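A.B. asks:
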């Protein structure tokens, strides 16, 4: 099937705006709520000039307004919580209505009916706010404190409950930069290097701009509630285009309240998944306390919390370590009798038995008796001797079936901990000002295994971060009709990745290797034996946000106007070593220098050696916004929301101007001194690379746009005027942002960071004393390769990979659309049905400006089409000639024989995606001790390329396929998604005897059930069929075959072959069709098949026991995947893999049980 994405023309947008209306709740009340109402008499006639007094019962906060001529009133910026409303008017009894709970960013609509009589008489009513939203067309979801406290939350992270929001397609947390990063995909949004969701904590932006990810939040016991807006939010909200997530912490009240808690997990409480046999050691303790109360009754309040974590998980490591004989060069025990010649490939049986022939690389003849007689590399030997001294020895550790005498196994402990602190105060300053201050500190650390492939005794990384979030807000009641809210916020995320040991390099093992940055042990990869991994480290990474926002809301007749603006400064920073520690990689093919990777290692003969210079990247930018919102109540049953927003988003700057543009054939003169690795004498920068200082090159890499104007419109219509049925529609334009990591990417490449790979190294002990073309003078070249902006000196490689910006790069923009209805069904039950559309345009994606050309001979076969070796046409189409065939290397006087460039990546705004979905929600408010909510989503997300932009090597526009032909299902496309949650208090035994009442009453049972259809995956050949240097080539479909999954079979059969693998063939083989030059491109589309999908049932059960008056104890047990349902992982989709079509992994977690207790007062 072919999916095509079309641009939405401005004329269509205009039509949608006129037809559908403006979306948005009235004002960006990130921590507060709005109460809207109409006062009538018993006949339905409106009552003007009635006095409405709104009181928050927890703090006695009070505000009074008067109804307008049409009997309506509106009260803005109300602190969330329980309320009582009092209404009085001459000739009517005073109405007292209690039980109203206002939630974050809510617009609650009340109809208050007065009865004839004296004002001294009182009518008391208890009922909550209606479930139906009557005043705007924003689509969103509030998760209340009741859900946070009652639903299963084994991870103790409130972000997990985002999965309960319709439109959330994925919700992940990562920790690759030294701090936690929350990544959420909503309604087809992008993430990774772009990020399109705004995260707030107590009204302040709680994000790290490096990857536009959400920061950590307080313990669930400190969270009051949170709200998610997923489509057509107010013009008062912006910066990121897809959604808004706003968390609000608890506040103090007139009564002291608090808790102390601890939750515990251990491997004894966990189950194993279908592909596990052993439980790894595991223990996790989370604990803390909260306390809130009055400082001065009715005036000043405080709330504080502490949370702590102490956890240790363990990850298995296995490898093969040479024994004492092999370490001395004696491989006689490994002699293969059926291998008689050097570079002869061993058989499968030989590999299983670890048999091979060792050859002298100088003479290409076997060593007598398979014993090395030439000197071994002293550094290689010392590294193994060190490992042996630390217990990493052949045969050591727990044994498993299939192990050999060389197998070493261990469990690598990875401790994790945090301490978090929250303090919040609220102050009522006279009658008109309410001041709120909050501060949150999160101190986190975790041990990380580099690459997950190294023994603990070689190296590991300590990831550590401190996060600060501080907010000050003032709500000023100017008059009954006008309220102003001002906000100051500061957020700092500062993390790092510290190697352990941090004072050791290859030099400590006898090598004259020299490091150019922070010391750390390097990486050694010996296939089929062992890997000593290292990760990119760096002591600094994070963001500083400084923000100010002011918003004034005023009611004038039928209009409620919200006018304001905001300004913020974002400063992203990242200091990283890249691979400055050195990477020695050894091959395991028949063509290795001594015919085996281990003997190559002991002789010090790597296949490649890589070493980088480190880099410090910055991205500093201002963001300004002005906005106006008009909620226009045209009729009592019709409201239109009109919004307009202007954003000025500065293209980030770097104090050292580390940016790159690329224009073929143009020479840069930005640097006074240029060094080219392997060359001497005066040099010029490679032709085409341009830098700030060159004519027409912006300092930021791209020009700052000035046209980010966002109109938004929506309507809400109550056809019967009874508040039980409402139709709504909305459309709007939303500009997104770009992460600092994306802006900083050019600083990861020359001339700012030089990242060469050497292929002629013949010694680990003396890596630089080799071929003079790689190391002139036999000395470490890195001191001279390091970028030194203060001297205007730049260094380049003889062969350069480029990351550059299109100077006319545009910011992402999203067109959001929704239409639907809500229907109250009675007894606290409501139905919501929505169409939701999200059309994302101008998304960032890399284009390779220098892809290798495919050469065809005069006779029409694959091969050179010319003989001039300076031209790209002179080379055969093999993986080894990729750089020679890149066209820029033979243009403008350059020579393909000595190529200057490999990939020339250029970031452009050419990617698009569409989301269209049906979202159905059913909600039942608590009654008869039972509440529930469920949603079903039927949707499709299409993209012009993979939306995961984090991997340059695989996520760029493939020049072999025109972009319009690459339209595909998005990475996160799930056609069907179901979520059901419920909370049940089965207190039905009051009429029974004391024993039955004690045993069966007082329990709470809750569950969260999730079922998702599969995500798409792409079948690839795993080989470079067309010689473009990429091994992710697509296959073709065998004529007469139709790709499909083989479902509805036994689990073992599905795991053995998830899809019909016989439907595919490799282009260029006999009988296999193809497209493109010589039919060597596959005719399959990406993302055609689905993986097995996902299902999960989490559950909790707890009981609260009274101890003394308000002092209580709660005993709790909860579990993820309580029935230990099997979720199969994504099948292997690479044709040249022995597991092609097989499911070898798990697609979800096994059952994890957590027990805990709380003391509540």
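Residue numbers (mature numbering (1 follows the signal peptide of the UniProt record, and there is no 0)): -28 to -1, 1 to 1133. No residue lacks a Cβ here, since even glycine has one placed at the ideal position from N, Cα and C. It should be emphasised that the depicted structure is a prediction, and the values quoted were computed from it without experimental measurement.
1) Quick one: what's got a C-beta closer than 6 Å to residue 673's C-beta in the same chain, skipping five residues either side?
2) Which first and last residues belong to the beta strand (DSSP E) in which residue 288 is found?
3) How would you call residue 641, buried or exposed, if buried means at least 16 neighbouring beta carbons within 10 angstroms?
4) For residue 231, which residues does DSSP report across the bridge?
5) Where residue 184 and residue 1040 are concerned, what is the direct C-alpha to C-alpha distance, given to the nearest angstrom?
6) So what's residue 712 in DSSP terms, helix, strand or just coil?
7) If the criterion is Cβ atoms closer than 7 Å, does the pair residue 914 and residue 886 meet it?
8) Give me whichever residues DSSP pairs with residue 524 in a beta bridge.
9) Quick check on the DSSP output: the alpha helix (DSSP H) that includes residue 756 runs from which residue to which?
10) Mark residue 318 as exposed unless 16 or more other C-beta atoms lie within 10 angstroms of its C-beta, in which case mark it buried.
11) Under a three-way DSSP split, which group does residue 241 fall into?
12) Please confirm if the segment 257 to 274 is in contact with the segment 189 to 204, defined as three or more CB-CB distances below 8 Å between the two stretches.
13) Along the alpha helix (DSSP H) that carries residue 630, what are the first and last residues, could you check?
14) Is there contact between the segment 66 to 78 and the segment 95 to 103, where contact requires at least three CB pairs shorter than 8 Å?
15) Could you tell me how far apart the beta carbons of residue 378 and residue 295 are, in whole angstroms, since I believe they sit closer than 8 Å?
16) How close, in whole Å, do the beta carbons of residue 498 and residue 570 come, if the pair is a contact with beta carbons under 8 Å?
17) Relative to the C-alpha of residue 40, which residue among 18, 833 and 48 is closest?
18) Using C-beta distances below 7 Å, list every residue in its chain close to residue 635, excluding the 5 sequence neighbours before and after it, in chain order.
19) With distances taken between CB atoms, is the gap from residue 575 to residue 349 smaller than 7 Å?
20) Run through the segment 886 to 915 for me and flag every whole beta strand (DSSP E) of 3 or more residues, listed as ranges in chain order.
21) Can you have a look at residue 305 and say buried or exposed, based on whether 16 or more other CB atoms are within 10 angstroms of its CB?
22) Taking Cβ to Cβ, would you say residue 1004 is nearer than 7 Å to residue 1052?
23) Got a sec: does the ligand ATP put a non-hydrogen atom nearer than 6 Å to the Cβ of residue 786?
24) Any idea if residue 128 is buried or exposed, counting beta-carbon neighbours within 10 angstroms, 16 or more meaning buried?
25) Whose CA, out of 5, 676 and 993, lies closest to the CA of residue 1007?
26) Assess contact between the segment 728 to 736 and the segment 232 to 245, defined as three or more Cβ pairs (one per stretch) separated by less than 8 Å. Is contact present?
27) Would you mind reading off the limits of the alpha helix (DSSP H) that contains residue 797?
28) Thinking C-alpha only, which one of 65, 1076, 820 and 1021 is nearest residue 1000?
29) What distance in whole Å lies between the Cβ atoms of residue 1072 and residue 123, which are believed to be in contact at a cut-off of 8 Å?
30) Would you mind reading off the limits of the alpha helix (DSSP H) that contains residue 320?
31) Rounded to whole angstroms, what's the CA-CA distance from residue 605 to residue 611? Just pull it up for me.
32) At what residue ranges does the segment 350 to 407 contain a whole run of the alpha helix (DSSP H), taking only runs of 4 or more?
33) Do you know offhand how far residue -5's Cα is from residue 520's?
34) So, at 6 Å on beta carbons, what are the nonlocal neighbours of residue 981 in its own chain, with the 5 sequence-adjacent residues on each side left out?
35) Taking the alpha helix (DSSP H) that residue 572 belongs to, which residues open and close that run?
C.D. replies: Reading it off the structure:
1) Looking up residue 673 in the chain shown gives position 701. Cβ within range, chain order: 631 and 777.
2) On the chain shown, position 316 is the one that residue 288 refers to. Per DSSP, residue 288 belongs to the beta strand (DSSP E) from 272 to 292.
3) Working through the chain shown from its first residue, we reach residue 641 at position 669. Here residue 641 is exposed, its C-beta having fewer than 16 other C-beta atoms within 10 Å.
4) The sequence position of residue 231 within the chain shown is 259, counting from 1. Looking at the DSSP assignment, residue 231 forms a beta bridge with 262 and 1132.
5) In the chain shown, the residue the question calls residue 184 occupies position 212. In the chain shown, the residue the question calls residue 1040 occupies position 1068. When rounded, the distance between both Cα atoms is 44 Å.
6) Here the question's residue 712 lines up with position 740 in the chain shown. When DSSP states are grouped into helix, strand and coil, residue 712 belongs to the helix group.
7) Translated into the one-based positions of the chain shown, residue 914 becomes position 942. Translated into the one-based positions of the chain shown, residue 886 becomes position 914. With contacts defined by Cβ atoms closer than 7 Å, residue 914 and residue 886 form a contacting pair.
8) Taking the chain shown and counting its residues from 1, one reaches residue 524 at position 552. Checking the DSSP bridge columns, you'll see residue 524 partnered with 456 and 535.
9) By one-based count along the chain shown, residue 756 stands at place 784. Boundaries of the alpha helix (DSSP H) around residue 756: 754 to 757.
10) Here residue 318 corresponds to residue number 346 of the chain shown, with the count starting at 1. Around the beta carbon of residue 318, 16 or more other beta carbons sit within 10 angstroms, so the residue counts as buried.
11) Here residue 241 is taken as the residue at index 269 of the chain shown, counted from 1. Helix at residue 241.
12) Between the segment 257 to 274 and the segment 189 to 204, the count of Cβ pairs shorter than 8 Å is three or higher; the stretches touch.
13) Taking the chain shown and counting its residues from 1, the one referred to as residue 630 is at position 658. For residue 630, no alpha helix (DSSP H) segment is defined, and its DSSP state is neither H nor E.
14) Touching, yes.
15) The residue given as residue 378 occupies position 406 in the chain shown. The residue given as residue 295 occupies position 323 in the chain shown. Yes, residue 378 and residue 295 are in contact; Cβ-Cβ is about 7 Å, under 8 Å.
16) The residue labelled residue 498 in the question sits at position 526 within the chain shown. The residue labelled residue 570 in the question sits at position 598 within the chain shown. The Cβ separation is near 6 Å, so the contact holds.
17) For the purposes of this step, residue 40 is taken as residue 68 along the chain shown, with counting starting at 1. The candidate whose alpha carbon is nearest that of residue 40 is 18.
18) Residue 635 sits at position 663 when you count from the first residue of the chain shown. 660 and 662, listed in sequence order.
19) The sequence position of residue 575 within the chain shown is 603, counting from 1. The sequence position of residue 349 within the chain shown is 377, counting from 1. Contact flag set, yes.
20) Entirely contained in the segment 886 to 915, the beta strand (DSSP E) runs reaching 3 residues are, in chain order, 902 to 915.
21) Residue 305 sits at position 333 when you count from the first residue of the chain shown. Flag for residue 305 reads exposed.
22) The sequence position of residue 1004 within the chain shown is 1032, counting from 1. The sequence position of residue 1052 within the chain shown is 1080, counting from 1. In this structure, residue 1004 lies away from residue 1052, with their beta-carbon atoms at least 7 Å apart.
23) The ligand content of the structure shown is nil, which means the ligand ATP is not present either.
24) Translated into the one-based positions of the chain shown, residue 128 becomes position 156. Residue 128 comes out buried.
25) Position 1035 of the chain shown, counted from the start, is the residue given in the question as residue 1007. Answer by Cα proximity: 993.
26) No contact exists between the segment 728 to 736 and the segment 232 to 245.
27) For the purposes of this step, residue 797 is identified with residue 825 of the chain shown, where counting begins at 1. Segment 785 to 798 is the beta strand (DSSP E) holding residue 797; no alpha helix (DSSP H) there.
28) Against the chain shown, residue 1000 aligns to sequence position 1028. Comparing alpha-carbon positions, the option among 65, 1076, 820 and 1021 lying closest to residue 1000 turns out to be 820.
29) Here residue 123 corresponds to residue number 151 of the chain shown, with the count starting at 1. Here residue 1072 corresponds to residue number 1100 of the chain shown, with the count starting at 1. Right, their Cβ atoms sit about 7 Å apart.
30) As a first step, residue 320 must be located in the chain shown, where it is residue number 348. Unbroken alpha helix (DSSP H) run through residue 320: 320 to 325.
31) Walking along the chain shown from the start, residue 605 turns up at place 633. Walking along the chain shown from the start, residue 611 turns up at place 639. Each residue's Cα considered, the two are about 4 Å apart.
32) Qualifying alpha helix (DSSP H) stretches, in chain order: 350 to 361.
33) Start at 1 with the first residue of the chain shown, and residue -5 comes out as number 24. Start at 1 with the first residue of the chain shown, and residue 520 comes out as number 548. Only weak support exists for where residue -5 lies, its pLDDT of 36 falling under 50; the value from the coordinates is given anyway. Taking the straight line from one Cα to the other gives about 21 Å.
34) Position 1009 of the chain shown holds residue 981. Correct list, in chain order: 952 and 1069.
35) Here residue 572 is taken as the residue at index 600 of the chain shown, counted from 1. Segment 569 to 574, the alpha helix (DSSP H) holding residue 572.
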